[in-house]
Amino acid sequence: MTASPRPFSRGWLLASCVPALLVLGMAATVPSTPSGSPHAGMPSMPGMAGMADMAGASQDPSPDPSQEPARGLAAEQGGYRLKIGTTDTPAGRPLSVRFAITGPDGSPVTDFAVHQTRKLHFYAIRTDLTGYQHLHPDMADDGTWTAGLAALTPGTWRLYTDFIPNTGPHKGREFVLSRTVAVPGEAAPVPLPAPADRTTVDGYTVALHAEPMAGAHQLTATVSQDGRPVTDLQPYLDSYAHLSAFHEGDQALAHLHPANAVNGDHGGPTLTFQALLPEPGNWRVFLQFQTAGRVHTAQLTLHID
Numbered sequence: 035m036t037a038s039p040r041p042f043s044r045g046w047l048l049a050s051c052v053p054a055l056l057v058l059g060m061a062a063t064v065p066s067t068p069s070g071s072p073h074a075g076m077p078s079m080p081g082m083a084g085m086a087d088m089a090g091a092s093q094d095p096s097p098d099p100s101q102e103p104a105r106g107l108a109a110e111q112g113g114y115r116l117k118i119g120t121t122d123t124p125a126g127r128p129l130s131v132r133f134a135i136t137g138p139d140g141s142p143v144t145d146f147a148v149h150q151t152r153k154l155h156f157y158a159i160r161t162d163l164t165g166y167q168h169l170h171p172d173m174a175d176d177g178t179w180t181a182g183l184a185a186l187t188p189g190t191w192r193l194y195t196d197f198i199p200n201t202g203p204h205k206g207r208e209f210v211l212s213r214t215v216a217v218p219g220e221a222a223p224v225p226l227p228a229p230a231d232r233t234t235v236d237g238y239t240v241a242l243h244a245e246p247m248a249g250a251h252q253l254t255a256t257v258s259q260d261g262r263p264v265t266d267l268q269p270y271l272d273s274y275a276h277l278s279a280f281h282e283g284d285q286a287l288a289h290l291h292p293a294n295a296v297n298g299d300h301g302g303p304t305l306t307f308q309a310l311l312p313e314p315g316n317w318r319v320f321l322q323f324q325t326a327g328r329v330h331t332a333q334l335t336l337h338i339d
């Protein structure tokens with residue numbers, strides 16, 4: 035990868051699919067749920083192979099999620115809470131994560147709006163910003179979701195849920211709730227790759243460029259193959275790309291889609307984003323796009339002053 039000749043500016047506007055992301059990191063996983071925990075009363079989740087619910091973690095929920103900066107690091111916001119079933123966290127093999135979103139009345143939410151063709155988006159990433167997974171789980175009638183994760187390596191992972199309630203006091207508002215979980219074993223942290231303006235995946239080269247604009251900053255991604263512009267991108271989640279960015283250090287999440295109009299299988303070569311990455315430092319970017327029915331995930335590091 036070639037080092038980027040121009041760093042990105044702080045304070046990018048995100049005119050995208052994220053009207054409000056959330057604040058506050060979570061504590062480490064605990065082996066069991068204490069009695070009297072605020073997590074008591076979650077629907078029974080028998081047979082789950084996976085994650086432990088972190089009861090008793092310190093939180094500072096706000097009654098109005100629109101007042102919170104874009105970070106996506108809280109387990110509770112606006113009365114909505116992410117609850118994950120309690121069991122072991124195996125390393126090195128696939129697992130099913132069962133979870134529920136409870137509403138302000140404490141009951142599991144079962145009515146979600148469809149956004150980007152799905153009722154809920156689920157992300158997983160390790161503390162060192164490796165192992166990125168973006169899934170679309172299924173929900174049972176009782177509001178229990180099941181996400182099938184690929185094998186996780188030892189270390190601390192953060193799990194995110196992105197959804198829009200279709201009823202209740204915050205109907206139509208997007209939430210991103212998350213929790214951390216610990217996978218046992220000796221963790222081997224991977225150093226964050228140096229900032230770069232291009233990368234290659236599955237034979238495709240993706241180049242990112244910042245173009246300052248009055249009142250906003252524009253991010254463009256250009257896709258090519260063997261030196262030729264790619265013009266056959268297919269719609270993926272109602273758009274020609276999906277971009278997720280995680281901040282080094284606290285794993286704050288930003289995600290967005292290009293503004294390009296969708297016109298069948300004719301996307302590319304250039305995709306235009308309006309972006310707000312609110313904190314300085316390094317952000318690990320995962321750009322997903324689809325060709326010939328296959329989703330490709332390009333990864334690179336961006337630096338913001």
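Under the working numbering, the letters of the sequence shown match residues 35 to 339, in that order. From the three backbone atoms N, C-alpha and C, an ideal C-beta is built for every residue, glycine too.
For a quick check, are the C-beta atoms of residue i and residue j less than 8 Å apart?
i, j, result
"D231", "H243", "yes"
"A288", "L305", "no"
"P138", "P203", "yes"
"Q308", "Q252", "yes"
"L211", "Y274", "no"
"G315", "H291", "no"
"T414", "S130", "There is no way to answer for residue 414, as the model of the chain reaches only from 35 to 339."
"R160", "T190", "yes"
For my contact list, residue i and residue j are in at a C-beta cut-off of 8 Å; report their separation, rounded to the angstrom.
i, j, result
"V215", "T187", "With 8 Å as the limit, V215 and T187 do not qualify as a contact, their Cβ atoms being about 13 Å apart."
"P229", "H337", "4 Å"
"T331", "F320", "6 Å"
"I135", "V143", "5 Å"
"H168", "Q322", "7 Å"
"R318", "A279", "7 Å"
"A222", "L193", "Actually they do not touch by this definition, with Cβ atoms about 20 Å apart."
"G119", "R132", "5 Å"
Under DSSP, the beta strand (DSSP E) around residue i begins and ends at which residues?
i, result
"H337", "R328 to I338"
"K117", "Y114 to I118"
"A181", "T178 to L183"
"I135", "L129 to T136"
"N316", "G315 to T325"
"V215", "F209 to V217"
"Q167", "Q167 to L169"
Between residue i and the rest of its own chain, which residues show a CB-CB distance below 6 Å, the 5 nearest in sequence each way excluded?
i, result
"A155", "One detail in the question is off: residue 155 reads as His in this sequence, not Ala. Excluding sequence neighbours, H155 sits near D196."
"T151", "L271 and D272"
"Q324", "Q268 and Y270"
Looking only at DSSP bridge pairs, what is residue i linked to?
i, result
"I159", "R192"
"Q285", "None, per the DSSP bridge assignment."
"A228", "Per DSSP, none; premise fails for A228."
"R262", "Q259"
"T254", "H243 and T306"
"D172", "T180"
Apart from the five residues just before and just after residue i, which ones in its own chain have a Cβ nearer than 8 Å to its Cβ?
i, result
"T265", "H300, G301, G302 and P303"
"A174", "T180"
"G2", "Any answer about residue 2 is impossible in this case: the structure gives the chain only from 35 up to 339."
Can you give me the Cβ contacts of residue i inside the same chain, cut-off strictly under 7 Å, excluding the 5 residues immediately before and after it?
i, result
"F146", "K153, L154, F197, I198, P199 and N200"
"P269", "V296"
"D236", "H330"
"R127", "A185"
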